[in-house]
Amino acid sequence: GLRVPSHPIARALLKKSGLPLAAPSANQFGSISPTAAQHVIDELGGQVGVVLDGGACERGVESTVVRVSDGRAGVLRLGALPVEEIEYVAGEISVLAPSSSPGKQAKPAPGMGGRHYAPSTSMVLADSLGAVMDRLPAGRVALIGVGKLPDKHPAFTDIRNLSESGN
């Protein structure tokens, strides 16, 4: 396996070391990938000696995983690098979908299980604010929606509107 980081700090570290660097993802298996250094510190705590802070992730999604076999490239996990950019270099490629089948069979790459990156946070889907209010989970609750939303509401610790026009 080979990781190719885009961040200049990661590239500088690799160049300065002059050696191959083996490094796993900066999160526990099955949890959401961190997008800031503080996320790594919060999740891994004292399990790591150093966390390099190069600012928030540019794209905030997992890495694209590509396999080259018999001279042909195939995407095992969709991520930050678009398929079109890989095809520009490698020609037409195949994209394998994550497996949602149960069982513990080996997967060819991280993220190919049906729930590998599934958050553990509860989510309520509703067509209206009124429908949400009837089904709020206990604890801190954020509202993420589109269209007409209140700026503040006592039931929500945070409100984010993805599209005021609802499109």
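At position 129 of the sequence shown the residue is numbered 118 (my numbering), and the sequence of numbers has no breaks.
Even glycine gets a Cβ: it sits at the ideal position worked out from N, Cα and C.
For residue i, count the other beta carbons within 10 Å of its own beta carbon; 16 or more makes it buried, fewer makes it exposed. Which is it?
i	result
V54	buried
S52	buried
R48	exposed
P13	exposed
V37	exposed
L(-9)	exposed
Per DSSP, what are the beta-bridge partners of residue i in this structure?
i	result
N16	Bridge partners of N16: none, in fact.
D147	A131
S117	Its beta-bridge partners do not exist; DSSP assigns none.
A62	V57
As a quick exercise: from the options, pick the residue whose alpha carbon is nearest that of residue i.
i	options	result
P126	I75, V57 and L114	L114
Y77	G68, A62, L67 and M122	A62
G152	L118, G68, G136 and H142	First, the amino acid is wrong: residue 152 is Ser here, not Gly. Cα-wise, what sits closest to S152 is G136.
Once you ignore the five residues that flank residue i on each side, which residues in its own chain have a CB closer than 8 Å to its CB?
i	result
V121	V113, A115 and L132
L2	L10 and L41
D140	I148
I30	V40
R0	P(-6)
Using a Cβ-Cβ cut-off of 6 Å (strictly less than) and excluding sequence neighbours within five positions of residue i, which residues of its own chain qualify?
i	result
S83	G63
S22	N16 and E51
C46	T24
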